[in-house]
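Novice:
Residue numbers (our numbering): 478 to 757.
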């Protein structure tokens, strides 16, 4: 039996002891644990205990076992940017070292495979690390028609595709690409009272309206708002089509169908193969 340091810790279990602590003390302990962890990781997450959580979600999804009717999955282009140390460089660690810090259960061989995959994409160590966390699905700025491509993957992006496959025939995929497209940059376009970097009524009606359409009718193609100009949104399938929500260089809404990058899907297969070591 272990005990925590509390005034009433005599003959209490660890859990009872923690419950008895002042909330300020617990808050401080929580902050210390989180800040001492590796940058970008979460200290407290779900644990597979065999009872409440029976198995890893990737295994359940792989069998197509879900408890929902449909899925609308929308990711941002540069999801991983916020979660990578801004001063990450080769003088402090290699990419394989970074991978094992991020995923401690990963073997040395698996980490070297990560290094090989992401070094082939070019860029600095920080660029590669951002891609591992989930920088961009398809750096698709589409500047008045031209497209710039950036390869990427893992924590934020690939699990979305595991979900899409589990909801086969009843799922839609979208990408929020208004620059810079960091994690959370889409929030002002759902909750609009605080303003947006791209304050286009047409874009806002189309982007947020698609979510409301799903809530109301379980289908993003049944528009309740006539101002929603989102074109027909195909189901995500073997054609790998998704809806891009972006803007042109001249500041016009750009909402259209794009193809999922084949290289991305290949990298997602790798991450699925090591999902036991990434706790997914």
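Cβ atoms here follow ideal geometry from the backbone N, Cα and C, with glycine treated the same way.
Between residue 646 and the rest of its own chain, which residues show a CB-CB distance below 8 Å, the 5 nearest in sequence each way excluded?
Specialist: Closer than 8 Å at Cβ, skipping near neighbours: 712 and 714.
Novice: Are there any heavy atoms of the ligand NAP lying less than 7 Å away from the beta-carbon of residue 734, as far as the coordinates show?
Specialist: This structure lacks the ligand NAP, and indeed carries no ligand of any kind.
Novice: Is it buried or exposed for residue 751, if we count other Cβ within 10 angstroms and need 16 for buried?
Specialist: With 16 or more Cβ atoms within 10 Å of its Cβ, residue 751 is classed as buried.
Novice: Based on the DSSP output, what are the partners of residue 551 in its beta bridges?
Specialist: In the DSSP output, where bridge partners are listed per residue, residue 551 has 651.
Novice: Of the choices 636, 532, 526 and 606, whose alpha-carbon is the least far from that of residue 747?
Specialist: Ranking 636, 532, 526 and 606 by Cα distance to residue 747 puts 636 first.
Novice: On the CB-based measure, 16 or more other CB atoms within 10 Å of its CB, does residue 705 come out buried or exposed?
Specialist: Buried, because 16 or more other Cβ atoms sit within 10 Å of the Cβ of residue 705.
Novice: Taking the alpha-carbon of residue 552 as reference, which of 732, 576, 633 and 643 has the nearest alpha-carbon?
Specialist: Minimum Cα distance to residue 552 is reached at 633.
Novice: Can you tell me where the alpha helix (DSSP H) with residue 607 in it begins and where it stops?
Specialist: 602-610 is the extent of the alpha helix (DSSP H) around residue 607.
Novice: For residue 648, does the count of other Cβ atoms within 10 angstroms reach 16, so buried, or fall short, so exposed?
Specialist: Buried, since its Cβ has 16 or more Cβ neighbours within 10 Å.
Novice: Give the DSSP bridge partners of residue 733, in chain order.
Specialist: For residue 733, which the question treats as bridged, DSSP gives the partners 721.
Novice: What is the rounded straight-line gap between the Cα of residue 510 and the Cα of residue 520?
Specialist: Each residue's Cα considered, the two are about 7 Å apart.
Novice: Take residue 548 as the anchor and find which of 659, 670, 740 and 642 has the nearest alpha-carbon.
Specialist: Closest option to residue 548, Cα to Cα, is 642.
Novice: Which residues bound the alpha helix (DSSP H) around residue 739?
Specialist: Per DSSP, residue 739 belongs to the alpha helix (DSSP H) from 739-750.
Novice: Report the three-state DSSP secondary structure of residue 753 (helix, strand or coil).
Specialist: Three-state result, residue 753: coil.
Novice: Within 10 angstroms of the Cβ of residue 667, are there 16 or more other Cβ atoms? Answer buried if so, exposed if not.
Specialist: It is exposed - the Cβ of residue 667 has fewer than 16 other Cβ atoms within 10 Å.
Novice: Measuring CB atoms only, is the stretch 729-743 touching the stretch 675-695, in the sense that at least three cross pairs come out at less than 8 Å?
Specialist: A contact exists between the stretch 729-743 and the stretch 675-695.
Novice: For the candidate residues 560, 590 and 559, whose alpha-carbon lies nearest to that of residue 574?
Specialist: Nearest C-alpha to residue 574: 590.
Novice: Quick one: measure Cβ to Cβ for residue 588 and residue 650, integer angstroms, because I've assumed they're closer than 8 Å.
Specialist: Going by Cβ atoms, the distance from residue 588 to residue 650 rounds to 29 Å, so no, they are not a contact pair.
Novice: Between which two residues does the alpha helix (DSSP H) containing residue 583 stretch?
Specialist: Residue 583 -> no alpha helix (DSSP H), and no H or E assigned at all.
Novice: Residues in its own chain within less than 8 Å of residue 583 by CB, not counting five upstream and five downstream?
Specialist: For residue 583, where only same-chain residues beyond five positions count, the Cβ hits under 8 Å are 576, 577, 591, 751, 754 and 755.
Novice: Any idea if residue 720 is buried or exposed, counting beta-carbon neighbours within 10 angstroms, 16 or more meaning buried?
Specialist: Looking at its Cβ environment, which holds 16 or more other Cβ atoms inside 10 Å, residue 720 is buried.
Novice: In chain order, what residues of the same chain lie with their CB nearer than 6 Å to the CB of residue 697, ignoring the 5 residues before and after it?
Specialist: Counting only Cβ-Cβ distances below 6 Å, and skipping sequence neighbours, we find 649, 687, 690, 691 and 710.
Novice: State the Cα-Cα distance for the pair residue 518 and residue 699, rounded to the nearest angstrom.
Specialist: Taking the straight line joining both Cα atoms gives about 39 Å.
Novice: Work out the CA separation of residue 703 and residue 741 for me, nearest whole Å.
Specialist: The alpha-carbon atoms of residue 741 and residue 703 are separated by roughly 35 Å.
Novice: Any idea if residue 505 is buried or exposed, counting beta-carbon neighbours within 10 angstroms, 16 or more meaning buried?
Specialist: Exposed, because fewer than 16 other Cβ atoms sit within 10 Å of the Cβ of residue 505.
Novice: What residue does the alpha helix (DSSP H) around residue 679 start on, and which one ends it?
Specialist: That run of the alpha helix (DSSP H) goes 678-694.
Novice: In the DSSP assignment, what are the bridge partners of residue 659?
Specialist: Partner(s): 555.
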